[in-house]
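This report refers to the structure that appears directly beneath it.
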Amino acid sequence: MSEMDIPATLEGRSGHGVERCRGRSLFGTCDDPLVAAQARLLELGDVAAQRHLTDIGSGCIHHLELGGGRPLVLLHGAGGGGANWYRLMGPLSSDRRVLAPDLPGFAFSDPMPLRVPLGRAVADAIGRWLRAVVPDGCDIAATSFGGLVALRLAQGRPVPIGRIALIDTVGLGPDLPWTVRLAATRSGGALLLRRSTRAGIRAQLRLLMTSDRLRREHEDALVDYLHASSNASGPREFARALNLFCGLRGQVEVLGDAELRGMDLPVLIAWGERDRFLPVAHARRAVRLLPDARLVLIRGAGHSPNWERPDRLLDELRPFFDSDAAVSA
Numbered sequence: 000m001s002e003m004d005i006p007a008t009l010e011g012r013s014g015h016g017v018e019r020c021r022g023r024s025l026f027g028t029c030d031d032p033l034v035a036a037q038a039r040l041l042e043l044g045d046v047a048a049q050r051h052l053t054d055i056g057s058g059c060i061h062h063l064e065l066g067g068g069r070p071l072v073l074l075h076g077a078g079g080g081g082a083n084w085y086r087l088m089g090p091l092s093s094d095r096r097v098l099a100p101d102l103p104g105f106a107f108s109d110p111m112p113l114r115v116p117l118g119r120a121v122a123d124a125i126g127r128w129l130r131a132v133v134p135d136g137c138d139i140a141a142t143s144f145g146g147l148v149a150l151r152l153a154q155g156r157p158v159p160i161g162r163i164a165l166i167d168t169v170g171l172g173p174d175l176p177w178t179v180r181l182a183a184t185r186s187g188g189a190l191l192l193r194r195s196t197r198a199g200i201r202a203q204l205r206l207l208m209t210s211d212r213l214r215r216e217h218e219d220a221l222v223d224y225l226h227a228s229s230n231a232s233g234p235r236e237f238a239r240a241l242n243l244f245c246g247l248r249g250q251v252e253v254l255g256d257a258e259l260r261g262m263d264l265p266v267l268i269a270w271g272e273r274d275r276f277l278p279v280a281h282a283r284r285a286v287r288l289l290p291d292a293r294l295v296l297i298r299g300a301g302h303s304p305n306w307e308r309p310d311r312l313l314d315e316l317r318p319f320f321d322s323d324a325a326v327s328a
């Protein structure tokens with residue numbers, strides 16, 4: 000496996016050209032919309048990260064990295080990429096080696112063949128990436144779809160995993176908004192393709208992903224990044240993935256009671272108290288079944304506390320990951 004290290008910030012890198020992995024252009028030029036959108040988010044978060052590409056055999060995974068200490072991997076949800084964590088990466092890196100990958104098919108990472116169960120398939124790919132970049136183990140924080148991937152990684156243990164924090168995570172119950180279920184149908188998918196515009200993404204951000212309006216500069220930057228990432232992979236690819244993720248009955252891949260009872264590691268579940276995408280009942284079910292879990296509700300947040308209430312979320316993540324039980328570097 001090979002890895003290339005490219006500076007995340009493009010200041011002074013005008014005309015830096017194109018980086019390739021397995022023959023595919025992943026980085027583009029400085030005027031590429033995805034490059035510019037990621038740089039804008041990182042600047043808003045005052046994040047000075049390095050960019051890496053890792054060949055996992057079936058393609059390449061791109062990640063952002065900063066800090067030093069015990070490895071902490073941040074997994075994003077079904078949109079954008081690793082830069083979704085722009086408001087938490089800097090503070091968490093004060094005493095941790097923080098790695099935020101783009102999941103396969105998002106932002107700068109190669110797509111992967113889609114198959115069910117989708118969470119397990121993505122976890123298989125990320126597991127190969129973990130073996131390459133943190134072979135001695137890590138902790139994981141994950142949001143939304145990334146939380147399902149984290150749970151599958153905790154089951155498979157491709158590397159030692161100390162503890163995981165799940166933020167408004169899918170895979171804990173079937174319920175989803177009807178708008179999302181309908182989007183997974185053939186006719187709904189066609190409508191989704193037509194709505195993959197900045198205006199459509201802004202509407203989804205306001206109606207489903209957040210509770211209150213974000214500050215305008217943050218909302219604009221997120222819309223640009225989510226839109227550019229979607230265009231990089233192709234809206235049709237996302238529509239196919241959504242079809243594997245859910246149907247009219249809701250989420251397809253839900254961890255059973257026995258699976259949750261078998262999770263033998265500490266788990267923090269953080270949930271926006273005003274989440275309009277996933278009901279808090281999913282979190283309450285999980286905390287009843289997981290052997291070592293704690294639930295905290297994030298006041299004033301919807302589905303995305305990492306964007307809406309990053310300071311409040313940080314107050315929970317730091318002590319949880321500072322425990323002596325966390326994986327050592």
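Quick note: the sequence shown uses numbering that gives the first Met the number 0, first residue 0, plus one each step. All residues carry an ideal CB built from backbone N, CA and C; glycine is no exception.
With a threshold of 16 other CB atoms inside 10 Å of the CB of residue i, please say whether the residue is buried or exposed.
| i | result |
| --- | --- |
| S322 | exposed |
| P103 | buried |
| D45 | exposed |
| L303 | Checking the sequence, you will find Ser at residue 303 rather than Leu. The residue in question, S303, is buried, as its Cβ has 16 or more Cβ neighbours within 10 Å. |
| G37 | The question names Gly, but residue 37 in the sequence shown is Gln. It counts as buried. |
| L204 | buried |
| W128 | buried |
| P265 | buried |
| R202 | Per the sequence shown, the amino acid found at residue 202 is Ala instead of Arg. Result: exposed. |
| D274 | buried |
| L277 | buried |
| L206 | exposed |
| R197 | exposed |
| W177 | exposed |
So residue i is in the beta strand (DSSP E); what residue range does that whole segment cover?
| i | result |
| --- | --- |
| H51 | 49-54 |
| H61 | 59-65 |
| V132 | It is not in any beta strand (DSSP E) - V132 instead sits in the alpha helix (DSSP H) that spans 117-132. |
| P100 | 95-100 |
| L330 | Here the chain has residues from 0 to 328 only, and residue 330 is not among them. |
| A140 | 137-142 |
| R69 | 69-74 |
For the alpha helix (DSSP H) containing residue i, list its first residue and its last residue.
| i | result |
| --- | --- |
| A106 | Counting along the chain, A106 falls outside any alpha helix (DSSP H), and DSSP gives it neither H nor E. |
| L33 | 32-43 |
| P112 | Taken as a continuous stretch (DSSP letters only), P112 belongs to no alpha helix (DSSP H), as it is neither H nor E. |
| D310 | 309-320 |
Measuring straight from C-alpha to C-alpha, what distance separates residue i and residue j?
| i | j | result |
| --- | --- | --- |
| V34 | R287 | 42 Å |
| W306 | H217 | 9 Å |
| V132 | A48 | 16 Å |
| L52 | A99 | 12 Å |
| S195 | L294 | 34 Å |
| G246 | P290 | 30 Å |
| A238 | A182 | 8 Å |
| A153 | E64 | 22 Å |
| M262 | A292 | 10 Å |
| R39 | D256 | 42 Å |
| S81 | R96 | The displayed chain sequence assigns Gly, not Ser, to residue 81. Near 14 Å, if we compare the C-alpha coordinates of R96 and G81. |
| F105 | Y224 | 11 Å |
| R260 | L150 | 12 Å |
| L296 | G271 | 6 Å |
| R317 | L41 | 21 Å |
| S93 | G118 | 30 Å |
| R215 | H281 | 31 Å |
Is residue i close to the ligand MG? I mean its beta-carbon at under 7 Å from any heavy atom of the ligand.
| i | result |
| --- | --- |
| A99 | The ligand MG is not part of this structure, which contains no ligands at all. |
Q: Quick one: which unbroken beta strand (DSSP E) runs of 3-plus residues sit fully inside the segment 153-233? Chain order, please.
A: 160-166
**Q.** Stretch-stretch touch, CB-based, cutoff 8 Å, three pairs: the segment 223-230 with the segment 307-321
**A.** no
**Q.** the segment 200-212 touching the segment 49-68, judged by at least three CB pairs closer than 8 Å
**A.** The segment 200-212 vs the segment 49-68: no contact.
Q.
Whether or not the segment 80-87 and the segment 110-125 are in contact is what I'm after, with contact meaning three or more pairs of Cβ atoms, one per stretch, closer than 8 Å; do they touch?
A. no
Q) With a cut-off of 8 Å, do at least 3 Cβ pairs link the segment 144-156 to the segment 68-83? A) yes
**Q.** 4-residue-minimum alpha helix (DSSP H) runs that sit fully inside the segment 226-307, ordered along the chain
**A.** 234-244, 256-260, 279-288, 304-307
Q: Please confirm if the segment 275-294 is in contact with the segment 132-142, defined as three or more CB-CB distances below 8 Å between the two stretches.
A: no
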